[in-house]
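S.K.:
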Amino acid sequence: MPNVVRRLLAAGAGALGVLAAVAGRPSPRVAALDVAGLAGEIERETDHVTALELAAWIRDRKPGLRVLDVRTDSAFAAYHVPSAEHAPLSSIASMKPADDETLVLYSEGGAHAAQAWVLLRSLGFRRVYFLRGGLLDWMEDVMSPAPGAPPEAAALSRYFGGVPRVGARPNESATADSTVARARRRGC
Amino acid sequence: MTAPFLDSGASALGAALGIGVAFGWCLERAGLGSARKLVGQFYLTDLTVFKVMFSAIVTAMLGAFWLGRLGMLDLSRVYVPETYLLPQLAGGATFGVGFALAGLCPGTSCVAAATGRIDGAAVVAGVFLGVLGTGVALPRLQSIYLATPRGVDTLPSALGVPYGVVVLGVVALALAGFVVAERIERLGDRGSGLGDRERPDDRVPSPDPRLTGAQRG
Amino acid sequence: MSARAPRPYADPYVAGVGLGLVLVAAYVLVGRGLGASGAFATAAAVAVDASGSAAARGNTFFADHLAGGLLGDWLVVELLGVVLGGFASAALAGRLRVAVERGPNAAAGARLALALGGGATMGAGAVLARGCTSGQALTGGALLSVGSWTFVAGAFGAAYAAARLVRRTWT
Chain A
44 MPNVVRRLLA AGAGALGVLA AVAGRPSPRV AALDVAGLAG EIERETDHVT ALELAAWIRD
104 RKPGLRVLDV RTDSAFAAYH VPSAEHAPLS SIASMKPADD ETLVLYSEGG AHAAQAWVLL
164 RSLGFRRVYF LRGGLLDWME DVMSPAPGAP PEAAALSRYF GGVPRVGARP NESATADSTV
224 ARARRRGC
Chain B
24 MTAPFLDSGA SALGAALGIG VAFGWCLERA GLGSARKLVG QFYLTDLTVF KVMFSAIVTA
84 MLGAFWLGRL GMLDLSRVYV PETYLLPQLA GGATFGVGFA LAGLCPGTSC VAAATGRIDG
144 AAVVAGVFLG VLGTGVALPR LQSIYLATPR GVDTLPSALG VPYGVVVLGV VALALAGFVV
204 AERIERLGDR GSGLGDRERP DDRVPSPDPR LTGAQRG
Chain C
9 MSARAPRPYA DPYVAGVGLG LVLVAAYVLV GRGLGASGAF ATAAAVAVDA SGSAAARGNT
69 FFADHLAGGL LGDWLVVELL GVVLGGFASA ALAGRLRVAV ERGPNAAAGA RLALALGGGA
129 TMGAGAVLAR GCTSGQALTG GALLSVGSWT FVAGAFGAAY AAARLVRRTW T
């Protein structure tokens with residue numbers, strides 16, 4: 044009696060195993076995380092770009108550049124970095140790497156984008172960065188750079204339609220949507 | 024909504040209780056609450072431990088793969104233990120020595136204790152003390168404890184082989200192992216074993232005349 | 009003494025498949041697998057915390073296990089279930105018996121000493137390896153974790169070697 048049951052179990056396991064080998068990957072895939080490697084990159088700061096660097100890349104039409112906005116639909120619709128695509132966090136899991144692309148992720152304050160950076164790296168993406176400081180830094184450094192900013196900041200700002208704060212004109216407000224909070228808060 | 028369904032909180036704890044009851048039930052049914060039966064594994068007279076463990080591993084592995092493949096279980100939300108090669112090898116070896124000496128593992132010792140075995144209770148106490156002492160000493164063991172981290176590393180990605188192929192490989196190895204295990208047990212039956220594999224021994228142990236002198240420890 | 013003769017054990021393959029299904033149920037319901045040594049770690053953390061000793065302060069291992077208290081820990085509740093399930097199964101099969109399981113030529117005291125010492129050794133190994141046969145071998149093994157399979161190789165290799173030292177306890 045037990046022999047029949049055992050043979051059935053063995054046959055079932057064997058069949059399911061053979062089918063598994065030809066069935067392809069289960070979705071979604073289990074990603075491998077190179078903790079030590081990623082920690083090194085974070086320490087060496089090769090994981091992010093500044094707002095000014097991103098602005099220069101966009102203006103210079105860097106080949107293969109894709110700017111990804113990981114915020115919600117409404118936030119993206121209200122304002123987004125020129126040339127940015129909308130890539131909410133829920134779509135991260137199904138993204139596939141492409142060799143010739145350079146991805147720059149951004150979010151409100153940078154936290155969600157930094158998290159998405161880790162996720163994409165663990166999925167095998169190579170050239171991916173996040174915007175340090177997020178949209179808040181973009182607004183401050185590119186759209187309305189302060190008087191102490193590097194000289195190219197003013198030119199970049201005008202390229203994107205921003206208004207550099209030159210001299211003593213503190214009343215001049217940025218042309219960006221005022222719903223983007225100016226005060227530094229714990230945004231994601 | 025795909026599985027896993029619960030996160031934490033009261034319902035997860037309720038599931039813990041139910042799952043635990045089923046776990047303990049299966050262990051006892053298989054006889055793994057008996058140290059005498061368990062150690063047969065190491066003397067190649069009773070390979071129940073191997074059969075139960077690998078039947079369970081194969082079943083769960085196939086279940087996880089197929090539920091994932093059919094989109095019913097989100098594998099990325101299932102907790103996979105992190106890999107630390109050196110401490111897991113060294114800790115495994117240490118654990119193995121203890122396992123052979125005690126005749127029970129932490130889980131089965133609870134089953135043994137629950138069914139009245141005093142040696143089971145002694146193992147439970149021992150595990151508690153061992154965990155306590157090692158935990159206290161852990162700050163001094165950091166160099167070993169944190170060595171060779173690999174994050175979440177699975178055989179498919181480490182070997183560069185597709186998940187389904189590894190699954191087939193493990194199934195094949197397990198089935199082959201079961202065939203070998205049956206042969207080993209049958210060979211051992213010719214000599215004097217540690218008792219009937221299927222029947223629990225309910226007599227007070229007495230020296231077996233066939234064993235004294237014939238077998239050396 | 010049990011009132012009736014103990015029933016024979018279940019077929020190991022059937023029991024193993026049952027155990028595997030329980031494991032899958034755990035993955036599906038709560039996104040995690042089984043375990044045992046983690047519950048002992050929580051118990052140890054609670055004990056150290058209650059004693060108020062300096063050994064606990066700044067010890068991240070214990071601190072990690074303190075969140076939620078003893079009965080708020082998933083593994084502790086699970087292990088309580090294991091006790092209940094084991095008891096129920098044995099009760100229904102007539103296998104409840106107060107005894108010190110040992111070989112015919114071993115003394116109870118020696119057996120208990122080995123049980124205690126072996127348990128402590130297992131506890132040490134489980135802390136280093138982040139788990140035991142339930143958490144690493146079964147749960148991690150089924151999910152094909154490299155570290156879990158490494159643990160299995162180390163554990164069974166060492167166990168076979170060490171078993172030769174205590175053969176007299178069982179034969």
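Residue numbers (the numbering used here), protein chains in the order written: chain A, 44 to 231; chain B, 24 to 240; chain C, 9 to 179.
Note that CB positions come from ideal geometry on N, CA and C, so glycine has one too.
1) Just list the alpha helix (DSSP H) runs in the stretch 163 to 199 of chain B, keeping only unbroken ones of 4 residues or longer that don't cross its boundaries, in chain order.
2) Is the shortest distance between the beta-carbon of residue 48 of chain A and the beta-carbons of chain B less than 8 Å?
3) Below 8 Å between beta carbons is the criterion; list the residues of the stretch 125 to 143 of chain C that meet it against any residue of chain B, in chain order.
4) Look at residue 142 of chain B and residue 176 of chain C and say whether their C-beta atoms are less than 8 Å apart.
5) Would you call the CB atoms of residue 52 of chain B and residue 97 of chain C closer than 8 Å?
6) Mind checking which residues open and close the alpha helix (DSSP H) that includes residue 175 of chain C?
7) Can you say whether residue 211 of chain A is buried or exposed, counting buried as having 16 or more other CB atoms within 10 angstroms of its CB?
8) Just list the beta strand (DSSP E) runs in the stretch 115 to 163 of chain B, keeping only unbroken ones of 3 residues or longer that don't cross its boundaries, in chain order.
9) Compute the Euclidean distance between the alpha carbons of residue 76 of chain A and residue 153 of chain A, then round it to the nearest angstrom.
10) Under a CB-based cut-off of 8 Å, is residue 118 of chain B close to chain A?
11) Answer with buried or exposed for residue 169 of chain B, where buried requires no fewer than 16 other C-beta atoms within 10 angstroms of its C-beta.
12) Is residue 216 of chain B helix, strand or coil by DSSP?
13) If we define contact as Cβ-Cβ less than 8 Å, is residue 83 of chain A a contact residue for chain B?
14) Would you mind stating whether residue 10 of chain A and residue 203 of chain A have Cβ atoms separated by less than 8 Å?
15) Please report the straight-line C-alpha distance between residue 217 of chain B and residue 178 of chain C, rounded to a whole angstrom.
16) Can you tell me which of C:67, C:44 and C:42 puts its alpha carbon nearest to the alpha carbon of residue 53 of chain C?
17) When you check each C-beta in the stretch 13 to 35 of chain C against every C-beta of chain A, which residues fall closer than 7 Å?
18) Using a Cβ cut-off of 8 Å (strictly closer), state whether residue 77 of chain A contacts chain B.
19) At the level of alpha carbons, what is the spacing between residue 139 of chain B and residue 113 of chain C?
20) Would you give the residue range spanned by the alpha helix (DSSP H) that residue 81 of chain B belongs to?
21) Taking 6 Å as the limit between beta carbons, can you name the residues of its chain near residue 162 of chain A, skipping five residues before and five after?
22) Does any C-beta atom of chain C lie closer than 8 Å to the C-beta of residue 105 of chain B?
23) Does any C-beta atom of chain A lie closer than 8 Å to the C-beta of residue 59 of chain B?
24) Just list the beta strand (DSSP E) runs in the stretch 75 to 139 of chain A, keeping only unbroken ones of 3 residues or longer that don't cross its boundaries, in chain order.
25) Pairs of beta-carbons, one from the stretch 166 to 185 of chain B and one from the stretch 97 to 111 of chain B, closer than 8 Å: are there three or more?
26) For residue 152 of chain C, does the three-state DSSP call read helix, strand or coil?
27) Quick check: is the beta carbon of residue 58 of chain C nearer than 8 Å to any beta carbon in chain B?
28) Three-state secondary structure (DSSP) at residue 68 of chain B?
29) Anything in chain B within Cβ reach of residue 171 of chain C, meaning under 8 Å, just list it in chain order.
30) Measure the Cβ-Cβ separation of residue 110 of chain A and residue 127 of chain A and say whether it is below 8 Å.
31) Residue 220 of chain B: buried (16+ other C-beta within 10 angstroms of its C-beta) or exposed?
32) Please report the distance separating the alpha-carbon of residue 135 of chain C from that of residue 94 of chain B.
M.R.: If we stick to the structure as given:
1) 165 to 168 and 178 to 182
2) no
3) 125, 126, 127, 128, 129, 130, 131, 132, 133, 134, 135, 136, 137, 138, 139, 140, 141, 142 and 143
4) no
5) yes
6) 175 to 178
7) With a pLDDT of only 38 at residue 211 of chain A, under 50, the local geometry of the prediction cannot be trusted, and no value is derived from it.
8) none
9) 21 Å
10) no
11) exposed
12) Note that residue 216 of chain B has pLDDT 47, beneath the 50 cutoff, so the model's placement of it is unreliable and the number below is only indicative. Coil, per DSSP.
13) no
14) What the structure shows of chain A is the stretch from 44 to 231, and residue 10 of chain A is not part of that stretch, so it cannot be assessed.
15) Note that residue 217 of chain B has pLDDT 49, beneath the 50 cutoff, so the model's placement of it is unreliable and the number below is only indicative. For residue 217 of chain B and residue 178 of chain C, the distance between alpha carbons rounds to 8 Å.
16) C:67
17) 19, 21, 22 and 25
18) yes
19) 21 Å
20) 71 to 92
21) 135
22) yes
23) no
24) 108 to 112 and 127 to 129
25) yes
26) coil
27) no
28) coil
29) 62, 65, 66 and 123
30) yes
31) buried
32) 35 Å
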